[in-house]
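Residue numbers (the working numbering): 1 to 385.
C-beta: ideal position from N, C-alpha, C; glycine also.
Nothing here was measured: the structure is a model prediction, and the numbers come from that model.
Since the structure comes first, as structure tokens, the remarks are kept for the end.
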């Protein structure tokens with residue numbers, strides 16, 4: 001019986017040894033076989049996998065950019081929009097586009113005198129935003145700045161004179177215009193002007209922007225005395241002097257001005273770039289500013305004579321001047337240039353204007369008037385030859 005128990009123990013021990021040997025064998029096989037890499041992949045393999053994923057994402061982004069470009073070219077709406085700055089397309093002096101000189105930096109010759117030049121700058125914006133214009137100059141001054149539309153600016157640049165203390169040699173002047181869109185995008189254009197002193201040695205003829213450029217000319221004419229005057233509400237007509245306001249009988253007075261256009265006969269209406277009426281001397285009696293708030297100015301064609309019937313209402317308003325600031329040196333501009341162009345297009349020999357306060361009387365039985373003479377009222381027209 002003891003022998004049998006010993007054999008059982010031996011058998012159990014053999015079985016245990018066999019199990020241990022099997023486990024050791026499996027561990028060795030696991031360590032040296034590909035199964036280990038499947039269960040526990042190496043770290044560098046994971047990095048490669050991440051890089052491959054990033055590469056895939058990059059490829060997807062490139063595909064999206066290509067798709068956006070194809071949509072823009074093919075008319076499909078863009079998914080993302082980015083502001084693009086405005087672009088100055090034309091830089092014009094007189095009738096000549098000098099954009100090539102702007103790009104190359106080439107200087108344009110101009111005489112060193114007070115000569116007005118009409119500049120036009122045209123810009124565009126891809127997103128259709130409103131464009132503002134900034135002007136910077138090194139010499140001279142800017143006048144008559146006009147916005148023709150959302151994309152176009154016009155202005156007059158006047159060159160300096162020797163009174164500014166500039167030396168008697170060639171002086172470089174610059175006119176710089178920057179177009180700015182609503183989002184802050186900017187484009188800048190600079191024109192260089194090489195100014196030579198007038199009458200400098202060796203100059204037979206002043207060189208003003210070469211032969212192709214037109215210079216802004218100015219036509220000035222005083223009101224015609226025998227066709228300029230006033231009419232009161234009682235129908236009394238007077239010429240040779242002009243009253244606007246009311247009198248001590250509370251009668252209203254309107255003023256009438258006739259200007260000859262003979263001096264610009266043959267000038268194309270589109271070449272007229274500016275117009276204003278300048279009052280160089282005005283007498284004031286009483287308080288006409290207590291009668292009306294504004295001096296109203298209208299183009300009013302009353303014909304070859306001034307008659308009581310011309311006291312009638314009507315006309316095309318082009319400007320208003322505050323009555324309390326209507327004094328020596330006042331100017332009326334507004335839409336006058338449009339009316340002058342219309343008159344020139346129609347071949348009219350004159351431009352006629354009616355003036356009056358925006359109220360008839362203040363009923364205070366006192367003279368409250370502005371008074372001036374035709375020779376002290378001038379029509380000033382700027383035009384290109």
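Rounded straight-line distance, which links the Cα of residue j to that of residue i
i, j, result
"residue 271", "residue 218", "12 Å"
"residue 236", "residue 354", "16 Å"
"residue 365", "residue 337", "38 Å"
"residue 99", "residue 186", "17 Å"
"residue 316", "residue 298", "5 Å"
"residue 127", "residue 295", "43 Å"
"residue 152", "residue 173", "23 Å"
"residue 191", "residue 136", "11 Å"
"residue 331", "residue 82", "46 Å"
"residue 374", "residue 119", "33 Å"
"residue 90", "residue 282", "43 Å"
"residue 134", "residue 273", "21 Å"
"residue 28", "residue 21", "11 Å"
"residue 300", "residue 291", "22 Å"
"residue 369", "residue 248", "10 Å"
"residue 278", "residue 87", "38 Å"
"residue 319", "residue 157", "25 Å"
"residue 203", "residue 193", "Any reading at residue 203 needs caution, since the residue's pLDDT is 42, under 50, leaving its predicted position unreliable; the model's value is listed next. The straight-line gap from Cα to Cα measures roughly 17 Å."
"residue 377", "residue 280", "6 Å"
"residue 14", "residue 25", "16 Å"
"residue 264", "residue 302", "21 Å"
"residue 380", "residue 139", "25 Å"
"residue 123", "residue 188", "10 Å"
"residue 131", "residue 160", "29 Å"
"residue 223", "residue 288", "23 Å"
"residue 104", "residue 150", "27 Å"
"residue 312", "residue 141", "43 Å"
"residue 242", "residue 106", "53 Å"
"residue 155", "residue 361", "40 Å"
"residue 367", "residue 284", "10 Å"
"residue 262", "residue 239", "21 Å"
Boundaries of the beta strand (DSSP E) in which residue i is found, first to last residue
i, result
"residue 336", "From DSSP, residue 336 is part of no beta strand (DSSP E) but of the alpha helix (DSSP H) over 336 to 345."
"residue 157", "152 to 158"
"residue 251", "Element bounds for residue 251: n/a, residue is neither H nor E."
"residue 282", "Here residue 282 belongs to no beta strand (DSSP E), and DSSP marks it neither H nor E."
"residue 242", "242 to 246"
"residue 294", "294 to 299"
"residue 352", "350 to 357"
"residue 377", "377 to 384"
"residue 238", "237 to 239"
DSSP three-state assignment for residue i, whether helix, strand or coil
i, result
"residue 16", "helix"
"residue 200", "Because the pLDDT at residue 200 is just 47, under 50, the model does not fix this residue reliably, and the value given afterwards should be weighed accordingly. Looking at residue 200 - three-state DSSP - the assignment turns out to be coil, as it is neither helix nor strand."
"residue 307", "coil"
"residue 267", "coil"
"residue 228", "coil"
"residue 324", "helix"
"residue 330", "coil"
"residue 365", "coil"
"residue 90", "strand"
"residue 404", "Residue 404 falls outside the range modelled here, since the chain spans only 1 to 385, and no answer is possible."
"residue 194", "strand"
"residue 290", "helix"
"residue 261", "coil"
"residue 71", "Its pLDDT being 48, under 50, residue 71 is placed unreliably by the model, and nothing is read from it."
Neighbour flag for residue i against chain D, beta carbons, 7 Å
i, result
"residue 277", "The structure shown contains no chain D; it holds only a single protein chain."
Unbroken beta strand (DSSP E) runs of length 3 or more, entirely within the stretch 102 to 146: which are they? Listed in chain order, they are 107 to 112, 116 to 124, 131 to 137.
Can you confirm whether the stretch 304 to 311 touches the stretch 224 to 243 when touching is taken to mean that 3 or more C-beta pairs between the two stretches lie within less than 8 Å? A contact is defined here as three or more CB-CB pairs under 8 Å, and the stretch 224 to 243 meets this definition with respect to the stretch 304 to 311.
Three-pair Cβ contact test at 8 Å for the stretch 267 to 285 versus the stretch 375 to 385: Remark: three or more beta-carbon pairs, one from each stretch, lie closer than 8 Å, so the stretch 267 to 285 and the stretch 375 to 385 are flagged as touching.
Contact between the stretch 243 to 261 and the stretch 342 to 359 (3+ Cβ pairs under 8 Å): Inter-segment contact for the stretch 243 to 261 and the stretch 342 to 359 is present: three or more beta-carbon pairs are separated by less than 8 Å.
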